[in-house]
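> Let me give you the structure first, and then I'll get to my questions.
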DNA sequence: TATTGCTGCGCAATCCGTTGAATAAGTAGT
DNA sequence: ACTACTTATTCAACGGATTGCGCAGCAATA
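Protein chains in written order, with the working numbering: chain F, -6 to 175; chain R, -6 to 175.
Next up, the structure:
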């Protein structure tokens, strides 16, 4: 349960609205933790009650008003406290992998089709991450090290997935056009 | 929400009790989806209500009675239907990665310590998977192909993580003993 | 002109998941 | 003899997460 901490990490160096955070969860931090806007607004509400964040109300015209949140001392303390204690290993929940495990029930060609869809996604992410990492490493500021390392994780992960996909492709093509064993 | 489907996949070729399934979730399929026994019993209850599975009540002496579940026609249909429709991309929730992203607040030495703990876990898993994959590829039966591919995924994943860890180590050692930028 | 999309916030219902506990009897170890 | 673990199932409470909906107005596109 550390959506709260992911939010606090993001608020560490910027003031942001719930909407801003939602966008960041879709991008940068989304690589590491994701959440919908409903969850984020809810959690911001709780964090506010607990004085971990506070906000300024910003009236806008043309657009709806917004609340710009920033982290408080108490929030930073909580974050540091959390950073100190060991994290539980991530729980794994990959529906596509469940499909592979149960793949004997499908036709190889159907599995291959979905594999390619997933591979497209991964390739897209890979190039996004690579571009971002490139940009970061050029202006080599001290502070971005951790963002860079996070991106590297994403990059290595996509590459690993794609080479696994190569293996699956090779394996399934042998079986394609053969009758299903179901 | 496809714990149900993971269960159906497991019941595809064996009759099993909730307890059996729980053990399998801790091992083989746990690599791909995990669940506690409470969840499994609950889901089996629901699946039973919906006639996707049925059970035989087996009285035992010495041990508590058990219910041996098997998949029904309706269950198999549901599974096939699910296999056909594209899977949503997995949601990512990795607390350790959130820590890296917010790492500027911690001391590098603390991050390194936790990195090594995680790395130990990964190395352990890696060798388990490698042994299992080895065993599977020796008795090369048609049917195990999918299990093998699932294991390969686990193997490549652990390796990718470990080489990422090498990068982190190299990067953080530069910063070790330097004052925190917080 | 109608539709879609973006900015921005929020509620309510429901479902999924975790934690903790209870029951019950056998077996293995100190 | 006592403790701990394994087999086997289930309940209760809570909190996290998803889905669906609603409001509101502006900009751009079809």
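Quick reminder that beta carbons are idealized off the backbone N, C-alpha and C, glycines included.
Model, not experiment: these values are computed from the prediction.
Along the beta strand (DSSP E) that carries residue 64 of chain R, what are the first and last residues, could you check?
59 to 64
> For chain F, check one thing: does any of its Cβ atoms lie closer than 8 Å to the Cβ of residue 133 of chain R?
no
> So is residue 81 of chain F buried or exposed if we call it buried at 16+ other beta carbons inside 10 Å?
exposed
> Please report whether the beta-carbon of residue 195 of chain F lies at a distance below 8 Å from any beta-carbon of chain R.
Any answer about residue 195 of chain F is impossible in this case: the structure gives chain F only from -6 up to 175.
> Would you decide whether residue 156 of chain F is buried or exposed? Buried here means 16 or more other CB atoms lie within 10 Å of its CB.
exposed
> Express the C-alpha separation of residue 9 of chain R and residue 58 of chain R in angstroms, rounding to a whole number.
13 Å
> Count the other CB atoms within 10 Å of the CB of residue 166 of chain F; is the residue buried (16 or more) or exposed (fewer)?
exposed
> When DSSP labels each residue in this structure, what does residue 9 of chain R get in the three-state scheme?
strand
> Residue 73 of chain F by DSSP, collapsed to three states: which one?
helix
> Express the C-alpha separation of residue 121 of chain R and residue 175 of chain R in angstroms, rounding to a whole number.
Confidence is the limiting factor: at residue 175 of chain R the pLDDT is only 46, short of 50, which leaves the residue's position unreliable and the question unanswerable from this model.
> Between residue -3 of chain R and chain F, is there a C-beta pair that is closer than 8 Å?
no
> Report yes or no: is there a C-beta of chain R within less than 8 Å of the C-beta of residue 17 of chain F?
no
> Is DSSP giving residue 175 of chain R helix, strand or coil here?
Reliability fails at residue 175 of chain R, whose pLDDT of 46 lies under 50, so the model's placement of it is uncertain and no value is given.
> With DSSP collapsed to three states, give me the class of residue 46 of chain R.
strand
> Are residue 93 of chain R and residue 142 of chain F touching if we call contact CB-CB under 8 Å?
yes
> What residues in the stretch 73 to 93 of chain F have a beta carbon less than 9 Å from any beta carbon of chain R?
73, 75, 76, 77, 79, 80, 81, 82, 83, 84, 85, 86, 87, 88, 89, 90, 91, 92, 93
> Work out the CA separation of residue 134 of chain R and residue 108 of chain F for me, nearest whole Å.
For residue 108 of chain F and residue 134 of chain R, the distance between alpha carbons rounds to 23 Å.
> Would you say residue 71 of chain F and residue 1 of chain F are within 8 Å of each other, going by their C-beta atoms?
yes
> On the DSSP bridge list, what partners appear for residue 106 of chain F?
In the DSSP output, where bridge partners are listed per residue, residue 106 of chain F has none listed.
> If contact is defined by three or more beta carbon pairs under 8 Å, each pair taking one atom from either stretch, is the stretch 11 to 19 of chain R in contact with the stretch 30 to 49 of chain R?
yes
> Assuming residue 153 of chain F and residue 150 of chain R form a contact by the criterion Cβ under 8 Å, report the distance between their Cβ atoms to the nearest whole angstrom.
So it is a contact: roughly 6 Å between Cβ atoms.
> Can you tell me which of F/160, F/78, F/95, F/99 puts its alpha carbon nearest to the alpha carbon of residue 89 of chain R?
F/78
> Buried or exposed, going by whether 16 or more other CB atoms sit within 10 Å of the CB of residue 114 of chain F?
exposed
> Take residue 39 of chain F as the anchor and find which of F/123, F/-5, F/96, F/73 has the nearest alpha-carbon.
F/-5
> In the DSSP assignment, the alpha helix (DSSP H) including residue 29 of chain R goes from what residue to what residue?
Taken as a continuous stretch (DSSP letters only), residue 29 of chain R belongs to no alpha helix (DSSP H), as it is neither H nor E.
> Whose CA, out of R/85, R/-3, R/7, lies closest to the CA of residue 178 of chain F?
Residue 178 of chain F lies beyond the range of chain F shown here (-6 to 175); nothing can be said about it.
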